[in-house]
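Report on the structure given below.
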Amino acid sequence: MRSGDSTTIDVPESSDVAKGKAPLVAIVKQEQGKGGWKRGVAIFDFLLRLGAIITTLTAASTMGTSDETLPFFTQFFQFQASYDDLPTFQFFVIAMAIVGGYLVLSLPFSIVSIVRPQAVGPRVLLLVLDTVALTLNTSAAAAAAAIVYLAHNGNSNTNWLAICQQYGDFCQKVSGAVVAAFVSVVVFVFLILLSALAIRKP
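Throughout the sequence shown, residue numbering follows the numbering used here, covering 624 to 825 in sequence.
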């Protein structure tokens, strides 16, 4: 061997790199798989919130505009039925407006859950606040449903007279508002279940 010659040994570079890349790709795909179904749940949650906004605000506006005056009246008396004649209906309007406003404010947190499906904080916050909103929504709907039942059927034991034969339009509006409120109750139940599913560990 002459002193001017140099000996080089070729070492394959791709083997170690390839071995190092394979687990990394697998981990990335696994993380994407975990976030995929949670992103789908978050999208469905967002759509349900839009539907709940429509139902709650429809219930509040329908009840708030329920007013009927009978065509016959005297000089001193005018027969009229309005939602503000009953404190229960007033509570219904206020409660449904609060619930609808909360749903609008919850949309950004739902969007965050879509962008970052692995984030647990927004989901836990929505779960707690949805439970509170469900309680308020259910109480308002149940209280109004009791008054609507008396308006349709009356109660002879307490001398409650059925007024829906005279105030047909009024009863139709308040009944529709109560139905819309109970639809939003069902939507809230699904929202709570979705949030509980999303924060569950895979």
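Note that the Cβ used here is the ideal one computed from N, Cα and C, for glycine as well.
- The DSSP assignment places complete alpha helix (DSSP H) segments of no fewer than 4 residues inside the segment 737–815 at 744–776, in order along the chain.
- DSSP places residue 705 in the strand class (E or B) of the three-state scheme.
- Closest in C-alpha terms to residue 689, from the list 732, 659 and 798, comes 798.
- Closest option to residue 680, judged by alpha-carbon separation, among 814, 821 and 803: 803.
- Exclusion of the five residues before and after residue 676 leaves 723, 726 and 727 as the residues of its chain whose Cβ lies within less than 7 Å of its Cβ.
- The Cβ atoms of residue 668 and residue 817 sit closer than 8 Å to each other.
- In this structure residue 740 is buried. Its beta-carbon is surrounded by 16 or more other beta-carbon atoms within 10 angstroms.
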